[in-house]
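Notes follow once the structure below has been shown.
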Amino acid sequence: MFDTSMTLSDVWFLAQGAWITILVTIISVFFGTILGIGFGVFRYQVGPWWGAPVTFFLDIFRSIPLLIQLVLVNAFLGIVLRLQISGFAVACGVLTFYTAAYCAEIVRGGIEAVPQTTRRAARSLGMTWFQDMRYIVAPLATRVALPSWIGLSLGVMKDSALVYVVQVTELLKSTQILITRLQEPLFLLIIGGLFYFIISFPIARLGGYLEKRWSND
Amino acid sequence: MFSYTFQWNQALNRLPQMLDGAWVTMQIAVLSMVLGVLFAIMLTGFRLSGNKILSGFATTWIEVARNTPALFQIYMAHFGVASFGLYFSPIASLLIGITFNNAGYLAENFRGALKAIPDTQTRAARSLGMTPIKAFGYVILPQMLRISFLPISNQMVWAVLMTSLGVTVGMNTDLYGVTQDLNALTFRTFELFALAAVIFYVIVKLINFGARLLAARLFRY
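Written out as structure tokens, the structure is:
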């Protein structure tokens, strides 16, 4: 198993795949979180009735396999609109909304965890709505939401393995390409899996630690 | 508005085939969930057993399942274990992969649920003369399943969505596989996958609805 015919350039090839995985994850999580906070605050602010269209829109991203979302958006942009958009952009776009859909739920949960009385007290002190959000709600909600948000980001990293379907060669796809060539599936898959594990495991542990530490008080 | 002519009939004509695929998808998802819950209970038991080897095994399973992509787990079941001379058919690989994943996530949920059950209950059961296994099975387990009902139904949704990954190991009878094959025949990518998306959406909504009905019936006190 360990006498491999893998060369240095193959390692470099895998590293490039890993870099794409990280890049897609960072871009999607960054923009997805911003969007998700926007959607989450909006939905909380306007109530369930007026928020229904947003809820429905975001629910779609959570009820359809990511693979189909990617194929569908890619087909819509490429075949229907005849736009020349790179697979990388499509992948980032879809994953951004995918992240936003879950993030909006987390944000809503975080805001709801802030006691109403605390917020009324803030408004009674003469704070504006924005100041209340910025100085009272944001710090308190972050404590509740951060562990779930960490879980979400790791989930997006793992789900980014599916962007191969829009011709983006991320880590698992590069592993797959090497397997086809070298015919050493077990060895290569373990390397690929180990990469995800090494990134995901410590961060997941950190999330668990924060959750435990912040939930006691 | 678009220079593209939509041909929805092309997709709608294939609806029966796609619904057959959806049925296969449901079967795989349900089977993987049933097995997943059983394995998760086993893993939870291993963790509680106090045996170092058993709990180490359970922890490894859970951490690998939770920290690697589901696609990786399916690849491993299909291509990885082939190195040991074990060849699984696409449907078996898919089932193994999803079950492995389900069991890992569910076991972690069960652990959270266990925290909500007071220790005193185990002690009370034990002092009534129950063996540790009986105490777990009759006292702890029913409460644990009840507390984690919502996570279980969420995991069921995940299982349905994960079946679409079977196509990567050559599965072509589930909803995604059927759609992919039809796409190769007709090149109506957008229409076909839009229809598949609608079917998936309906399935997920039905599961959520069913879970809510079930919860209302099971948990009225």
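Chains as they are written, first to last, in the UniProt record's numbering: chain A, 1 to 217; chain B, 1 to 221. Virtual Cβ for every residue (Gly too), placed ideally from N, Cα, C.
Practice item. Below 8 Å on the Cβ atoms is my guess for I74/B versus G97/B; work out the distance and round it to an integer in Å. Key: 3 Å
Exercise for review: Tell me whether N51/B sits in a helix, a strand or coil according to DSSP, three-state version.
Suggested key: coil
Check your understanding: Would you say A159/B and M33/B are within 7 Å of each other, going by their C-beta atoms?
Key -> yes
Check your understanding: Alpha carbon to alpha carbon, how far is P90/B from R143/A?
Key -> 43 Å
Review point. Using a Cβ cut-off of 9 Å, which residues of the stretch 146-165 of chain B contact any Cβ in chain A, in chain order?
Key: V157, V160, L161, M162, T163, S164 and L165
Review point. Whose Cβ in chain A lies nearer than 8 Å to the Cβ of T68/B?
Key: K158, G193, Y196, F197 and S200
Point to revise | Opening and closing residue of the alpha helix (DSSP H) in which M162/B lies | key: F149 to M162
Practice item. Flag this pair as touching only if the stretch 166-176 of chain A and the stretch 140-155 of chain A have three or more C-beta atom pairs under 8 Å; answer yes or no. Key: no
Check your understanding: Given 8 Å as the limit, is there contact between the stretch 117-131 of chain A and the stretch 97-109 of chain A, that is, 3 or more CB pairs closer than that?
Key -> no
Check your understanding: So which of S124/A, A100/A, W214/A and I191/A has the shortest CA-CA distance to V41/A?
Key -> A100/A
Check your understanding: Should the stretch 196-215 of chain B be called in touch with the stretch 60-77 of chain A, which here means at least 3 C-beta pairs below 8 Å?
Key -> yes
Point to revise | Beta-carbon spacing of P151/B, N208/B below 7 Å | key: no
Practice item. Compute the Euclidean distance between the alpha carbons of L175/B and D159/A, then round it to the nearest angstrom. Key: 20 Å
Check your understanding: Looking only at C-alpha atoms, which of R111/B, L35/B and L94/B sits nearest to L161/B?
Key -> L94/B
Check your understanding: Quick one: what does DSSP say Y87/B is sitting in, helix, strand or coil?
Key -> coil
Point to revise | Contacts of V24/A in chain B (Cβ-Cβ under 7 Å) | key: Result: empty, since nearest Cβ-Cβ is about 13 Å, beyond 7 Å.
**Study point:** Rounded Cβ spacing between V165/A and L70/A (contact assumed at less than 8 Å)
**Key:** 5 Å
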